[in-house]
Amino acid sequence: MSVSRLTASSPDMSNSIEEFIAAGKDSAIISYYNFSILQVEYSKDKTLRIDFTIDNLINDYMDVLKDAAKKVKLTDAEKIKYFYNPDLLAYDIYGSTELDFVIMQMNGIIDPKDFDLPTLKLVYKSDLANIMNRIYTAENVYLAANREQNNLVMPV
């Protein structure tokens, strides 16, 4: 059996970045902020407001995202293009730099300077939108209570 045939028949390694990009982008607003549990603090004179993220709901559902992920081996050109640049990969695949945190978390990366893996776990845009919508629906009451407690607008 040839190497190319083995790679093509291996379902966990037969995906490419081009395939993920070609799967399309939609206009759904999925962002770190919209899934964050926030705390608001004010300066002593109340002129400065700071919103802190104290948790993100995606952390609680990472196993669901990892189950939906496919392994993608990057070409040499893709390794160079996305080296230290998960936000560019997120933009190319999902149409938003806001989703770089999902790519990084699924691949066990905290700092973009560690984003130099030859193989990545990625979720197709349609699958990601479906999962994120289910998470948002399941956690909507919790998110709304958090936003109300902090006098913030609920994500749309």
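In numbering that gives the first Met the number 0, the protein residues as written are 0 to 155. Glycine is no exception: its CB is placed at the ideal position from the N, C-alpha and C atoms. Fair warning: this is a prediction, and the values are worked out from it, not measured in the lab.
Per DSSP, what are the beta-bridge partners of residue i in this structure?
i   : result
D66 : None, per the DSSP bridge assignment.
I82 : This sequence places Phe at residue 82; Ile is not what is there. F82 pairs with nothing; no bridge assigned.
Q38 : F51
State the Cα-Cα distance for the pair residue i and residue j, rounded to the nearest angstrom.
i    : j    : result
L119 : D110 : 15 Å
K43  : Q148 : 19 Å
N58  : E40  : 23 Å
N84  : E18  : 19 Å
N33  : D75  : 34 Å
L5   : L73  : Residue placement at L5 is poorly supported in this model, since its pLDDT is 30, which falls under 50; the coordinates still yield a value, given next. Whole-angstrom Cα-Cα distance: 17 Å.
S26  : D91  : Unreliable placement is indicated for S26, whose pLDDT of 40 sits below 50; no coordinate value is reported for it.
V101 : L37  : 18 Å
By alpha-carbon positions, which one of the options ends up nearest to residue i?
i    : options              : result
M131 : L56, N84, P85        : L56
V71  : S30, S15, T96, L64   : S15
Y141 : S35, E17, E18, Y31   : S35
S30  : L98, D50, I53        : L98
M103 : N129, E138, E77, L64 : L64
L127 : S95, L116, L47       : S95
Can you tell me the Cβ-Cβ gap for residue i and residue j, rounded? I've got them flagged as a contact below 8 Å.
i    : j    : result
P117 : K78  : 6 Å
A68  : L121 : 6 Å
In chain order, what are the residue ranges of uninterrupted alpha helix (DSSP H) at least 4 long that sit wholly in the region 80-129?
85-93, 99-105
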